[in-house]
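Structure first, then comments.
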Amino acid sequence: MRFNFIISTFCFLTIVKIAQSATCYYTIDLIGYSCRLMANTDAEPINLVITGNHVFPKDDQDVVNIRSSDSKIEFFPSSMLGKFPNLKYLTLNKVSMTRINTQLLYCQNLQKINLFINGIYNISSGAFESCINLLELDLGRNSLNSIETESFKGLDKLELLFLDSNDIREIRVGDLNGFRNLRRLQLSGNKISNINSGAFDSLSELEHLYLGENEITSIDSSLFSSLRNLITFSVASNQLTKIEALTFENLLKLENLYLTDNKLTSLHDNTFTGLDNLAVLQIVANDIDSLSSFVFENLTRLVNLELTNNKITRLESETFWNLVNLFRLEINSNLIDFIHPEAFSTFTRLDGLWLEDNKLQNLEFLKTDAMKTVTSLVLEDNLINDLPMDTFNSFVRARTFHLDFNQIKEVRSSAFGALPYLTYLHVENNQIEVIENKFIENIPNLSIIFASNNTCINEILRNITYEMDLLEDCLSSAPVFTAQSFITITSSFVISLWSFMKL
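Numbering of the sequence shown is given in my numbering, commencing with residue 6 and proceeding in unit increments.
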């Protein structure tokens, strides 16, 4: 009899819910009347008691924002929402929450819930069903392994959904059916390898889709059949080996496409068909070894094209055909040893041209009117040993040249002509023996030549004086620097020409 009594007592004690407490520190900030919540709850806080002194004359009805970070709230404190009926913004970051195992009540005024960086692995069915005005839900960096439709039902007005850095492996048909007004979907940093055909069919209002840092090996046009409002699509840092022709043909409003860090080896002639509004295209860090003629021809609104860190060896005359609005072109760290003289001929607005870390020797491709708009030219780390006559004559708006880390031996005026806006010239780490004086006279706004580690400059340094005659084999006509001019030795040697004068 005594034994049975002890067991009954034990069972009674295990079902009692002990009230736990948390403290609000109230402030008035840019968001409105806010509570910074400090808590240390290690059980389900059904009876969570929140204490704290209000800022006079405010009370619970006035609180619109609650935020808590680095506290301990293992279960979602649904009772808290009843205390603050006009709450709009709720942030519970890094609070060790693992589950949302009850329906959130009194959340009809909530517009934003941020549960970023927790360990949430389970969300009960209908958890957010009463949050009928919720616009943004952030569940990034948690432990969810799937998207369960029932967990998110009722979120008809949701516009922003962040599920990045979870353990999601697949997007199934129907998983996203409850998000008819969704504009941004963040799924980067999961383990997604399979996206069922039709998985995005219900997202007709979606504008931004991020699938970077997953394990996706292929995409096809059926994924985008309903995404006619998509503006940004990222599938960077995946395992794509190819993109079929016409894959993006339905994305008529797409402006930004990110294909960086995949395993693409080539681009189909019709890869970008339909992308008439594309402005930014990044295909960095792939294995592309050639670009077919006219591959970009329909991208007439493209502004930024990045092809850095591939294996491209040649740029032919029609590679960039019809890119009339291109503003920035980056093709660094490839194996380019030939660029056709007409390769850039259709450019009319190009501002920056980056060809760093290639195998270029011949610069004939720069002798084109398309270079008249360029302000920054980067040819650093190539195999250039000669600057022929008129090489840079077309660069009438150029402000910065990077010619460092080449094998240039002479800097002569015939290569540069008159460049009225050139301000910075980088020629360090070459083999320069001669810097022609006339070259400087034709560039009136040249302020600094970065010229360390050259034969000529090293000789100057051995003969520096307060008033310094530059050696004739470096600057012909031996100009003299007055006491006002100077040489600055920093991490790289700089010749300053701000007060250059010939006596």
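Every residue gets a Cβ at the ideal spot worked out from N, C-alpha and C, and that includes glycine.
Name the residue from the options whose alpha carbon lies nearest to the alpha carbon of residue i.
i	options	result
Arg111	Asn119, Val100, Leu92 and Ile125	Note that residue 111 is Tyr in the sequence shown here, rather than Arg. Closest by alpha carbon: Leu92.
Thr428	Ile389, Leu392 and Leu382	Leu382
Asn171	Glu210, Asn186, Gly194 and Lys162	Gly194
Pro449	Glu433, Ile440 and Gly422	Gly422
Glu369	Thr252, Phe167 and Pro346	Pro346
Leu53	Val68, Asp34 and Phe80	Phe80
Phe61	Thr32, Leu120, His273 and Val439	Thr32
Asn106	Ser84, Thr378 and Gly357	Ser84
Asn314	Asn267, Asp356, Asp395 and Leu214	Asn267
Leu208	Ser226, Glu218 and Leu232	Leu232
Lys258	Leu269, His213 and Ile118	His213
Ser242	Ile236, Phe299, Asn150 and Ser198	Ser198
Thr324	Leu256, Thr96, Ile221 and Ser295	Ser295
Asn114	Ile55, Gly279 and Leu139	Leu139
Glu433	Ser452, Asn447 and Asp409	Asp409
Ile336	Ile288, Ile176 and Phe299	Ile288
Thr396	Glu385, Val416 and Thr46	Val416
When DSSP labels each residue in this structure, what does residue i get in the three-state scheme?
i	result
Ala348	coil
Lys372	coil
Thr46	strand
Gly357	strand
Ser84	helix
Ala420	helix
Ile293	coil
Asn442	helix
Gln25	coil
Ser226	helix
Asn468	Low local confidence applies: a pLDDT of 44 at Asn468 is under 50, so the model's placement there is unreliable, and no value is given.
Glu385	coil
Glu175	strand
Thr154	helix
Thr56	strand
Asp478	Residue confidence is low: Asp478 scores 44 on pLDDT, short of 50, so the model does not pin down where it sits. Its coordinate-derived value is still stated next. Of the three classes helix, strand and coil, the one that applies to Asp478 here is coil, per DSSP.
Pro484	Residue placement at Pro484 is flagged as unreliable, the pLDDT there being 38, under the threshold of 50; the coordinate-derived value follows with that caveat. DSSP places Pro484 in coil when its eight states are reduced to three.
Cys112	coil
Thr278	coil
For residue i, which beta-bridge partners are listed by DSSP?
i	result
Asp143	Asn119 and Phe167
Tyr429	Thr405 and Ile453
Val379	DSSP lists no partner for Val379.
Leu286	Leu262 and Leu310
Phe343	Arg319
Cys136	According to DSSP, which records beta bridges pairwise, Cys136 is partnered with nothing at all.
Ser338	Per DSSP, none; premise fails for Ser338.
Glu415	Val439
Cys40	Tyr31 and Ile71
Tyr94	Asn70 and Lys117
Asn127	Arg104
Leu214	Leu190 and Phe238
Ile448	Beta-bridge pairing links Ile448 to no other residue.
Ile78	Thr46
Asn327	DSSP, once it has assigned bridges, lists no residue as partnering Asn327.
Arg333	Asn309 and Gly357
Asn398	In DSSP, Asn398 forms no bridge with anything.
Ile221	Partner(s): none; Ile221 has no beta bridge.
Ile200	Ile176
Can you tell me whether residue i is buried or exposed? The criterion is at least 16 other CB atoms within 10 Å of its CB, across all chains shown.
i	result
Leu1	Nothing about residue 1 can be reported from this structure: the residues present for the chain run from 6 to 508 only.
Glu249	exposed
Phe184	buried
Leu388	exposed
Glu390	Here the sequence assigns Asn to residue 390, which means Glu is not the residue at that position. Counting Cβ neighbours within 10 Å, Asn390 comes out exposed, since fewer than 16 surround it.
Tyr4	In the structure displayed, the chain extends from 6 to 508; residue 4 sits before or after that span and is not available.
Gln244	exposed
Ser202	exposed
Gln66	exposed
Cys40	buried
Glu220	exposed
Asp169	buried
Glu38	A small correction: the amino acid at residue 38 is Tyr; Glu does not occupy that position in the sequence shown. Answer is buried; the Cβ neighbour count reaches 16.
Asn339	buried
8 Å is my cut-off, CB to CB: does residue i come that close to chain D?
i	result
Ile248	Judged by its chain identifiers, the structure shown contains no chain D, having just a single protein chain.
Item to complete: Could you name each continuous alpha helix (DSSP H) segment of 4 residues or more that falls completely within the segment 235-270, going from the start of the chain to the end?
Response: The segment 235-270 contains no whole alpha helix (DSSP H) run of 4 or more residues.
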